[in-house]
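Engineer: So in this note's numbering, spot 130 of the sequence shown is number 295, and the numbers just go up one at a time.
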Amino acid sequence: MTDPTPRKLIIAIDGPAGAGKSTIASRIARKLGYVNLESGAMYRALALKAIEWDTSFDDEAALMRLANDSRIELDPSIGGNRVLLDGCDVSTRIRERDVTEAASRVSVHPKVREWMVARQREMGLGGGVVMEGRDIGTKVFPDADVKIFLDADPVVREQRRLEQQKIQGEPAKAMAAELRERDRRDRTRAVSPLVAAPDAVVVDSTGLSEEQVLEKVEALIRQKLPATAD
Ligand code: DC
């Protein structure tokens, strides 16, 4: 028998920077009529607040005071997540280099992660979400219906990022080094390091086009989509 009101899935897409998570997550969400939530944008918003309030990225207690005083909202739209910090649209600002570096440092703290995870769970609880990040399948939604770990060769990921941001020459070298350092921090932090959940399907996007990755991911999701009544 088919279900007349099929439950909407929780889809977790994790992986390192430059693996293509955001592009794939937003395309999948659009196709399914789900919302795409970029968990990284929340770490970025807190990092921006820390910059604005001149708070050390190493001071967990001070960061937690900031977090508890902050309103961080994700407003999913077709072009990506609009990010509001205390009601102000910071969507562009949080993509800048200083915030990118700060977010990586702010996200190592266990209490900061707990705070983020609690909010991310609230946002995704009803299903119908594609949430992307580093710990969605391992911590935020360990029971997610679909777990994908999107990976790619580090050199390819660096090249993609540099092309996206149209950076060449010496600045490109510096940026590649920063990406490698953020990767290292993500994978080696004591709490919720970046790892594929044991039940995640690893999709390696090295050498694949965006369409090919999308096809693979869609095939995995189709297996889990509940049958709909005709
Ligand atoms: O995905 P992103 O580059 O926007 O993420 C920004 C930072 O936040 C990145 O350094 C890793 C961290 N992050 C995390 O620790 N856990 C998540 N679920 C998402 C992002």
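For glycine and all other residues, C-beta sits at the position ideal for the given N, C-alpha and C.
What is the rounded straight-line gap between the Cα of Gly252 and the Cα of Asn233?
Structural biologist: One-based indexing of the sequence shown puts residue 252 at position 87. One-based indexing of the sequence shown puts residue 233 at position 68. Roughly 15 Å between the two C-alpha positions.
Engineer: So the candidates are Ala210, Met281, Trp218; which of them puts its Cα closest to the Cα of Val255?
Structural biologist: The residue you call residue 255 lines up with position 90 of the sequence shown. The shortest C-alpha separation from Val255 is found at Ala210.
Engineer: Do you know whose CA, among Leu231, Arg230, Val248, lies nearest Glu238's CA?
Structural biologist: Residue numbering aside, residue 238 sits at position 73 when the sequence shown is read from its first letter. It is Val248 whose Cα lies nearest to the Cα of Glu238.
Engineer: Using only the alpha-carbon positions, how far apart do Met340 and Glu328 sit?
Structural biologist: Translated into the one-based positions of the sequence shown, residue 340 becomes position 175. Translated into the one-based positions of the sequence shown, residue 328 becomes position 163. Cα to Cα, the separation comes out at about 12 Å.
Engineer: I'd like to check one pair, Val295 with Tyr208: are the Cβ atoms closer than 7 Å?
Structural biologist: Start at 1 with the first residue of the sequence shown, and residue 208 comes out as number 43. Start at 1 with the first residue of the sequence shown, and residue 295 comes out as number 130. Cβ atoms of Tyr208 and Val295: not closer than 7 Å.
Engineer: Would you mind sorting Ser242 into buried or exposed? The rule is 16 or more other CB atoms within 10 Å of its CB.
Structural biologist: Taking the sequence shown and counting its residues from 1, one reaches residue 242 at position 77. Flag for Ser242 reads exposed.
Engineer: Is there at least one non-hydrogen atom of the ligand DC closer than 6 Å to the beta-carbon of Ala268?
Structural biologist: Residue numbering aside, residue 268 sits at position 103 when the sequence shown is read from its first letter. Within the cutoff, so yes.
Engineer: Inspect the beta-carbon positions of Leu290 and Val368 and report whether they are closer than 7 Å.
Structural biologist: Translated into the one-based positions of the sequence shown, residue 290 becomes position 125. Translated into the one-based positions of the sequence shown, residue 368 becomes position 203. Taking 7 Å as the Cβ cut-off, Leu290 and Val368 do not qualify as a contacting pair.
Engineer: With C-beta atoms as the reference, is Arg192 less than 7 Å away from Leu359?
Structural biologist: By 1-based counting over the sequence shown, the position of residue 192 is 27. By 1-based counting over the sequence shown, the position of residue 359 is 194. No, Cβ-Cβ distance for Arg192 and Leu359 is not below 7 Å.
Engineer: Quick one: grab the DSSP three-state call for Lys173.
Structural biologist: In the sequence shown, residue 173 corresponds to position 8, counting from 1. Here Lys173 sits in coil by DSSP.
Engineer: Where does Ile178 sit, in a helix, a strand or coil, going by DSSP?
Structural biologist: As a first step, residue 178 must be located in the sequence shown, where it is residue number 13. Ile178: strand per DSSP, three-state reduction.
Engineer: Quick check on this structure: which residue in Pro391, Thr353, Glu376, Gln377 has the alpha carbon closest to the alpha carbon of Pro181?
Structural biologist: Counted from its first residue, the sequence shown places residue 181 at position 16. Nearest C-alpha to Pro181: Thr353.
Engineer: Mind checking Glu346: buried by the 16 CB within 10 Å criterion, or exposed?
Structural biologist: For this step, residue 346 is matched to residue 181 along the sequence shown. By the 10 Å Cβ count, Glu346 comes out exposed.
Engineer: Considering only heavy atoms of the ligand DC, does any lie closer than 6 Å to the CB of Tyr208?
Structural biologist: By 1-based counting over the sequence shown, the position of residue 208 is 43. It does: the Cβ of Tyr208 is within 6 Å (strictly closer) of some heavy atom of the ligand DC.
Engineer: Under the three-state reduction of DSSP, which class applies to Val399: helix, strand or coil?
Structural biologist: What is shown of the chain runs 166 to 395, which leaves residue 399 out entirely.
Engineer: Classify Val277: buried if its beta carbon has 16 or more other beta carbons within 10 angstroms, exposed otherwise.
Structural biologist: As a first step, residue 277 is located in the sequence shown; it is residue number 112 there, counting from the start. It is buried - the Cβ of Val277 has at least 16 other Cβ atoms within 10 Å.
Engineer: Going by DSSP, what residues sit across from Ser235 in a beta bridge?
Structural biologist: Position 70 of the sequence shown holds residue 235. Partner(s): none; Ser235 has no beta bridge.
Engineer: Taking the alpha-carbon positions, what's the Arg260 to Val273 distance?
Structural biologist: Residue 260 sits at position 95 when you count from the first residue of the sequence shown. Residue 273 sits at position 108 when you count from the first residue of the sequence shown. If I take the Cα positions, the gap works out to 19 Å.
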